[in-house]
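In my numbering, the protein residues as written are 1 to 140. Heads up, the beta-carbon is just placed ideally off N, CA and C, and yes, glycines get one too. Fair warning: this is a prediction, and the values are worked out from it, not measured in the lab.
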């Protein structure tokens, strides 16, 4: 019982951290440069979760979103927030030639996560499906 309570507490904390990062990324998108937004996100991920975008990207590429869920205590809500962070970062980096390739990679990874959630959750989300459609259009 104690172990389950501890894990649930960790999941809630992870949700709060990811939500705070997402909110800040969305604010910075309006005024900051893509590099500034990526640096901010890496800094916050490093100080709160001891990870960064590259490490999470590497995990998604090599092991998939299921690994984050099973081994890193991410639930679907956390995965969705992470996908939203990647999506927002991709949008902010897309127009600049220096960050365009990184943007495509982030779009691809957010798509992987969204599609994993779609299959895992069996609950239809209009917002998620709009993003999936937009990402597929960008990647084609």
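Endpoints, the alpha helix (DSSP H) within which residue 98 is located: Note, residue 98: premise wrong, no alpha helix (DSSP H); not H, not E.
Distance CB(residue 107)-CB(residue 90) smaller than 7 Å: yes
With respect to the alpha helix (DSSP H) encompassing residue 133, which residues constitute its N-terminal and C-terminal limits? 126-139
Identify the continuous alpha helix (DSSP H) that holds residue 152 and give its terminal residues. Examination of residue 152 is not possible in this model, given that the chain is present from 1 through 140 alone.
Secondary structure of residue 70, DSSP reduced to three states: helix
Return the chain-ordered list of same chain residues with a C-beta closer than 8 Å to the C-beta of residue 10, the five sequence neighbours on each side being excluded. 73
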